[in-house]
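Residue numbers (the numbering used here), protein chains in the order written: chain R, 7 to 280; chain B, 231 to 675; chain W, 36 to 357. Structure record follows, encoded as structure tokens.
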Amino acid sequence: MSEARAGSAPARGASPAAATGDVPALALAGVHKAFGRTEIIRGVDLSIPRGERHAVIGPNGAGKSTLFNLVSGRFRASSGRIELNGQDITADRPYQINRKGLARSFQITNLFPRMSVFENVRCATLWSLGYRYSCWHRLSKLADAAERADDVLQRIGLRHRRDALAGTLTYAEQRALEIGITIAGGAEVILLDEPTAGMSRSESDRAVELIRHVTEGRTLVMVEHDMSVVFGLADRISVLVYGQVLATGTPQQIRANEAVQQAYLGTAVAEADA
Amino acid sequence: MGSGASGHRSAIAPAIRVPRVRFEPIDLGRWAIWSATALLFAVLPLVFHKGFAITLLSQMGVMIVFALAYNMIFGQGGMLSFGHAVYSGLGAFFAIHALNWVGEGRLWLPVSLIPLVGGVFGAVFGVLFGYVTTKKAGTPFAMITLGIGELVFAASLMFPGFFGGEGGVSTNRVVGEPFLGITFGPAIEVYYLIAIWCFASMAAMYAFSHTPLGRISNAVRDNPERAEFIGYSAQHVRFLVIVASAFFCGIAGGLSAINFEIVSAENVSTARSGGVLVAAFIGGAGFFFGPILGAVIFIFFAVALSDYTSAWQFYLGAFFVLMVMYAPGGVASLIAMNLRVMRHGLLGRLAGPYGALALATGVLLAGVIALVEMSYQLTLNFASGSQLRLFGMDVDASSWQAWAIAAALVAAGGLAFEAARRRFARTWDAVQALIEAKSHPGATT
Amino acid sequence: MEFFVVSLLNGISYGLLLFMLASGLTLIFSLMGVLNFAHASFYMLGAYFAYQISAWLDAAWPGVGYWIALAAAPLAVGALGAFVERYGLRRVHRWGHVPELLFTFGLAYIVVEIVQIVWGRAAVPYAVPQPLAGSLFTVYSTNFPTYRAFMMLVAGAMLLAIWLVLTRTRIGLVIQASLTHPEMVQALGHNVPRVFMLTFGGGCALAALAGVIGGNAYVTEPSMAAVIVSIVFVVVVVGGMGSLAGAFVASLLIGLMQTFAIGIDWSPLALFERLGMPLGPDAPLYSVWSLKVSQVAPVLPYLLLVLVLVLRPRGLMGTREN
Chain R
7 MSEARAGSAP ARGASPAAAT GDVPALALAG VHKAFGRTEI IRGVDLSIPR GERHAVIGPN
67 GAGKSTLFNL VSGRFRASSG RIELNGQDIT ADRPYQINRK GLARSFQITN LFPRMSVFEN
127 VRCATLWSLG YRYSCWHRLS KLADAAERAD DVLQRIGLRH RRDALAGTLT YAEQRALEIG
187 ITIAGGAEVI LLDEPTAGMS RSESDRAVEL IRHVTEGRTL VMVEHDMSVV FGLADRISVL
247 VYGQVLATGT PQQIRANEAV QQAYLGTAVA EADA
Chain B
231 MGSGASGHRS AIAPAIRVPR VRFEPIDLGR WAIWSATALL FAVLPLVFHK GFAITLLSQM
291 GVMIVFALAY NMIFGQGGML SFGHAVYSGL GAFFAIHALN WVGEGRLWLP VSLIPLVGGV
351 FGAVFGVLFG YVTTKKAGTP FAMITLGIGE LVFAASLMFP GFFGGEGGVS TNRVVGEPFL
411 GITFGPAIEV YYLIAIWCFA SMAAMYAFSH TPLGRISNAV RDNPERAEFI GYSAQHVRFL
471 VIVASAFFCG IAGGLSAINF EIVSAENVST ARSGGVLVAA FIGGAGFFFG PILGAVIFIF
531 FAVALSDYTS AWQFYLGAFF VLMVMYAPGG VASLIAMNLR VMRHGLLGRL AGPYGALALA
591 TGVLLAGVIA LVEMSYQLTL NFASGSQLRL FGMDVDASSW QAWAIAAALV AAGGLAFEAA
651 RRRFARTWDA VQALIEAKSH PGATT
Chain W
36 MEFFVVSLLN GISYGLLLFM LASGLTLIFS LMGVLNFAHA SFYMLGAYFA YQISAWLDAA
96 WPGVGYWIAL AAAPLAVGAL GAFVERYGLR RVHRWGHVPE LLFTFGLAYI VVEIVQIVWG
156 RAAVPYAVPQ PLAGSLFTVY STNFPTYRAF MMLVAGAMLL AIWLVLTRTR IGLVIQASLT
216 HPEMVQALGH NVPRVFMLTF GGGCALAALA GVIGGNAYVT EPSMAAVIVS IVFVVVVVGG
276 MGSLAGAFVA SLLIGLMQTF AIGIDWSPLA LFERLGMPLG PDAPLYSVWS LKVSQVAPVL
336 PYLLLVLVLV LRPRGLMGTR EN
């Protein structure tokens, strides 16, 4: 089954970026993060080529969300270097990083609850379309923003809830909107923080399809606990344990890795696939 | 438009492209409301034509601009400021000096454009103070605005040359050449000047809320962190909104300078800042038209009610606290909620409970007012004796009978109010449940 | 030299008074996230209650009133504060911090009006009690009032008491924990509403105590709350929100700064004269240069606020916000 999955996408093991020798979409070098005296991230090195779908897995408390927060600028790394498409973003604020082409979603749904679904997405398109801090454009006349927002709504399947207040959506709808807001700005690098958390099997499957669809051609980095989602979507996986990357590789490599099995996966999975 | 059109198109020579026409009906509703408002502004002084009424309307017009400008940062931007009068006050000072220069012949500017001077200088200080205050958000921001407000107030007493010291700066608005016979001497002419500026400012601020910056400021209000992650610096957004708001505050200040022909340190005082906050909140910060209602109510308390009782500040404060506790959405939200009930045809059910509530409130209010007014008479107006006029009757504040009656009214009114409130709450909840059932048939509660 | 020592002592006593207010405010803010705008109003009530209590008691037993008031007024105001928290603030709490702040703001508004209704608009003759009225010692040629020393004593004792409660009692530990991790404290199952009520009441009692000892040292009138509320806010922001140590440092700093400034009559004009360029009234910005430091004194705390915000936004010893 894993062969079939690998075959459904073009040769992803050797990613196109490596072939062309491009700068990696996201690169972390020697990143440390300590809160007071507690070190959460203890030296992470990661290089994610452009166009790759990369999953970060690991036990609870390993520091996955912290890593995301460091990359997206919510926290400042204690030491080390983070680069986005070759640009140093280690000290950048979140809005600066977003403008350079990185967008992220949140584990706990983080929307604009008093605005409609459509407006939530439209707001996410405004900066990238160049409207910036304009107070002389009439929002209702911005055809490109409206088109882009409607397009995103179509892709995430929330067209029918266009005018509903975001705070009134169901949980799954909010998760979909969360993804919609993340991709609406057209960012090259997408970070998804546990996108299928709290979803049922069928909802998860739909979410996976949605994610695969919307991240076509872009770089995706994803934190996930649901192994079927991970092994279904990811080209490569990094395993984070106690703030350090234990192993990085293709799904097969990770599954077969003994250290990973000991620390996280357990041997049952490996045996089931053997 | 579908296959028919394409079929038709194929009949025409392929080189000709049929242009797509998009039909966008004019938003009739919105045009109607704005036209009605303009009409109202124009016609009001003809209905209320006594001199006192015109003055009241003029003050309301000024306050409306100020309250709407404040709501740009408060209700729309999510920033609580205790020092916003610095922008309107400083704008007023610059406007009044400009007006004096016009009078001295040192500056050529039509009096009707003086508010613009206020606006420009308001914006200048918006840049200056906005830079400092937006370094923080939330509660620290509120504290800082209080500090800046006190700073400006204290500074205004240090430079009597510009700020006129204790007496302030006065002016004469009947200067320059009359335009079409308009000198702005009569109160009615001032009213129309204020009404035009008020309408224009309202329209501008409404338009602002429908621009990218206006919308993003809503986003920053709702979720500043998320706004950062869609590419916007929350600090920059807040700064720009403060500058825009300060501009309109300055216009209000300029109008105030023309209306009262005097500006003093009181215009930048914390009391003024508190006043506009109270006005915007009471009216309803969540609705665009909320502060308009709030401004009208506030001026009613401060100008009309103050003629009848010196305890008007207590009543206003008590009203404000009750709103905070029981109706934080303001009067506008109360109206909106009742409109919703009315649209579903259920307002009739509330008539009885409303009536009972009104009666109980009336009794309670009468008792409270009696207590307050009698206390005022004894402690603050004792120079004029202990007699006072209350509800059209002569009352002796030093007689125990008067106090007993007042206390009884409060007790009876209080009990009746509690009973009526509970009945009303039950009926209201029932009505809400009915509405929910209507809008979501088949949904389980 | 005399000026220096006298101003130093006065500045410290004023600073300690500010700290009495700032500490209560910080505790309430840190624990409950509520900025108690009415804090200075409870300070005012403390002074007025003390005046009233001593006026009543002194009629029957002269000289006793003040000492009873010293204990009774803070208790009464503390109880009032707890009542306000239980039936007012708690109602509003569910709507968030802005409505809470607005509630305390409206409360401050009403308290001033009620004080005026009950006690009138003029200052009330709340006087220093006889035994403390003299001067303790003489510094050069200026008398240092005994009462000032008494104020410093009470303030110091209060600080010590707070420190002991915070570090040695169980409730103190809960409050300390809440200073940095309020949600966790709730999750651990402490009766947080009761802790809130006690903290709010306690903070108000502290403010009232400051009023009892400060009201007769300075003046007891309806505007005394408005005068001091913004300065206390400046103290808290400059010290760093949520930091008691920062509030202590900032209180002393501002207390000393204002006290020294009020006594200095120097203005930049003197500097220009020294440099051989005396300025006349038509010199540019003369109104700025002619300002004496004593005239600028009221503005200094706010200038400090702006400076701190621009250079060090988290305050002198700030750790966390909101």
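We treat Cβ as the ideally placed atom computed from N, Cα and C, and that holds for glycine. Everything numeric in this text was worked out from a predicted model, so none of it was measured.
- In the three-state DSSP reduction, G360 of chain B falls in the helix class (H, G or I).
- With a threshold of 8 Å between beta carbons, F81 of chain R makes no contact with chain B.
- With 16 or more other CB atoms across the displayed protein chains lying within 10 angstroms of its CB, K70 of chain R is buried.
- Per DSSP, the beta bridge partners of M623 of chain B are B:L620.
- In this structure, the alpha-carbon of V214 of chain R lies about 8 Å from that of G238 of chain R.
- Distance between H466 of chain B and G107 of chain R, taken at the CA atoms: about 20 Å.
- Nearest CB-CB separation between Q87 of chain W and chain B: not below the 8 Å threshold.
- No Cβ of chain B is located within less than 8 Å of the beta carbon of A253 of chain R.
- Not one beta carbon of chain B lies nearer than 8 Å to the beta carbon of Q221 of chain W.
- Distance between A83 of chain R and A495 of chain B, taken at the CA atoms: about 49 Å.
- Between the C-alpha atoms of Q221 of chain W and A190 of chain R there is a straight-line separation of about 38 Å.
- Put simply, of B:L601, B:G644 and B:G444 the residue whose alpha carbon is nearest the alpha carbon of V625 of chain B is B:L601.
- Secondary structure of G249 of chain W (DSSP, three-state): helix.
- In the three-state DSSP reduction, D93 of chain W falls in the helix class (H, G or I).
- At least 8 Å separates the CB of E45 of chain R from every CB of chain B.
- Within chain B, the residues P558 have their CB atoms less than 7 Å from the CB of W130 of chain W, given in chain order.
- Taken through DSSP and simplified to helix, strand or coil, R224 of chain R comes out as coil.
- Of the candidates B:M302, B:N448, B:A667 and B:Y606, B:M302 places its Cα closest to the Cα of A476 of chain B.
- Under the rule that a run must span 4 or more residues, the alpha helix (DSSP H) segments found entirely inside the region 142 to 218 of chain R read 149 to 162 and 177 to 190.
- In this structure the region 148 to 164 of chain W lies against the region 249 to 258 of chain W, because at least three pairs of beta carbons, one per stretch, are closer than 8 Å.
- Inter-residue distance for R128 of chain R and L194 of chain W is about 54 Å (C-alpha atoms, whole angstroms).
- Around Y137 of chain R, the beta-carbon contacts reaching into chain B at under 7 Å are P442.
- Within the region 266 to 295 of chain W, I266, F268, V269, V271, V272 and M276 place their CB atoms closer than 9 Å to a CB of chain B, listed in sequence order.
- For A353 of chain B, the CB contacts under 7 Å within the same chain, skipping 5 residues up- and downstream, are V473, A476, F477 and G480 in chain order.
- The beta carbon of A253 of chain R sits closer than 7 Å to the beta carbons of V245, I260, N263, A265 and V266 from its chain, once the five residues preceding and following it are set aside; these are given in chain order.
- For Y144 of chain W, the nearest CB of chain B lies under 8 Å from its own CB, placing it at the interface with that chain.
- In this chain, the beta strand (DSSP E) harbouring P180 of chain W covers T177 to P180.
- L171 of chain R and P119 of chain R do touch by the CB rule: their CB atoms are close to 7 Å apart, below 8 Å.
- Cβ-Cβ distances below 7 Å link Q250 of chain R to R48, G49 and V50 in the same chain, with the five nearest sequence neighbours on each side left out; the list follows chain order.
- Burial check for Y49 of chain W: the Cβ neighbour count within 10 Å reaches 16 or more, so the residue is buried.
- Chain order gives the chain W residues near L376 of chain B as S265 and F268, where near means a beta carbon separation below 7 Å.
- Taken in chain order, the region 324 to 371 of chain B contains no complete beta strand (DSSP E) segment of 3 residues or longer.
- Excluding the 5 residues flanking it on each side, A322 of chain B has same chain C-beta neighbours closer than 7 Å at G348, G483, G484, S486, A487, V493 and N497, in chain order.
- V273 of chain W sits close to A285 of chain W, with the two beta carbons spaced by under 8 Å.
- Between the C-alpha atoms of S210 of chain R and D157 of chain R there is a straight-line separation of about 22 Å.
- Distances from the CA of V159 of chain W to each of W:L142, W:L291 and W:I88 were compared; the closest alpha carbon is that of W:I88.
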